[in-house]
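Since the structure comes first, as structure tokens, the remarks are kept for the end.
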Amino acid sequence: MPRPLIGITARHVKTEGGFSAVRILRAYVSAIVDAGGAPILIPPDLPEDGWRVLLDRLDGVLFSGGADIGLEHFDGQPHPTVDVEPVRDALELPLLRAAVDADVPTLGICRGFQVMNVALGGTLYTHILDQLPNALQHDWHDKPRETLAHSIRVEEGTRLAEILDAPLLQVNSLHHQGIKGLAPNLKATAYAPDGLIEGIELPDRKFALAVQWHPEWMTSHEEMRRLFKRFVEAAGRNA
Ligand code: MN
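So the sequence shown is numbered by my numbering: it starts at 16 and just counts up by one.
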């Protein structure tokens, strides 16, 4: 089987030389390549007639991590730590809805997990520590990205449970926002010990699944390699 084409959403950064660049961290790219996919970059400022052409040809879409989503998209509570990249919202929210409508296999990671929830009508805590009583520390940006931060309990009977094949797992945690109100059609598939939702999926789609943690930094764990593998396989069946 030829490698499925997997689009990965990218962000804008400034290089050390001061040049504007479009970037995807290598961990995402390597995880897709190692799982048997052929990655394609989706630039954040691609107009709709561009991303629609891409979506027609892609076998799967990976919504990557990054900045916070603009509060206007979910009537979010302002907080001084909120840091947005509006050009990504403008592309990713409609792209996610279009991918789900067309039943193109979709994997969301961190920001991508939040994009899935907001695009489908859910809301977010804009700073977990101040808004979720008794919250654990979920923002471990000052530690190596593979650091295991907290456990998750995986809901039985979900696609995620079938893939991970472990009811309880330790995961990394590199986020300060999280799901407050779950979008109507989404099912919660994993929870942190403080009750925060860490996994979601659309049960009626071929593969529309997202996680709040960063499996691309945990590929030394067989379960996380399997997550990418199953995503790329679903994309392959869609090719
Ligand atoms: Mn977490």
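Ideal placement from N, C-alpha and C gives every residue a C-beta, glycine not left out.
C-beta atoms of residue i and residue j nearer than 8 Å
i	j	result
Q192	T138	no
R160	H236	no
I55	W66	no
G127	D104	no
A250	P120	yes
L106	L20	no
V68	L108	no
L183	R168	yes
D118	R41	no
L110	L70	yes
A254	D209	no
Selected residue, minimal CA-CA separation from residue i, among the options
i	options	result
R241	R103, L122, L144, R126	L122
I143	M16, A223, D83	D83
I277	G33, P17, V48, P199	Residue 277 is absent from the model: the chain starts at 16 and stops at 254.
H88	P101, M239, P148	P101
L163	G32, V247, T234, R38	T234
E248	V44, D71, Y43, A53	A53
D157	A150, N187, N149	N187
G172	K195, R245, P218	P218
G214	Q227, R220, P208	Q227
R174	D98, T96, A225, I39	A225
D60	V28, E216, S45	V28
H165	I194, V130, A205, L201	A205
N200	E216, I194, Q185	E216
E177	G32, E238, F34, P93	E238
G196	M131, F246, F34	M131
Distance, residue j Cα to residue i Cα
i	j	result
L189	W155	5 Å
L179	S79	20 Å
D145	R252	43 Å
P17	Q152	42 Å
A181	R26	33 Å
A116	C125	The sequence given here has Asp at residue 116, not Ala. So the alpha carbons of these two residues sit roughly 21 Å apart.
Y43	W232	8 Å
A207	E170	11 Å
V99	I212	22 Å
R112	Q185	30 Å
L91	V97	Looking at the sequence shown, residue 91 is not Leu but Gly. Spanning the two alpha carbons is a distance of roughly 10 Å.
G81	Q129	10 Å
P62	P95	30 Å
S45	F246	14 Å
P93	A198	20 Å
D64	F34	26 Å
G32	I194	37 Å
T30	I39	13 Å
Cβ-Cβ separation, residue j to residue i (assumed contact under 8 Å), whole Å
i	j	result
F222	A50	The pair is not a contact, with the Cβ atoms about 13 Å apart (cut-off 8 Å).
V76	A36	Contact doesn't hold; Cβ gap of about 21 Å is too wide.
Residue i at chain B interface by Cβ criterion, 8 Å
i	result
Q192	The question asks about chain B, but that chain is absent: this structure has only one protein chain.
Neighbouring residues (CB closer than 5 Å to any heavy atom of the ligand MN): H153, S188
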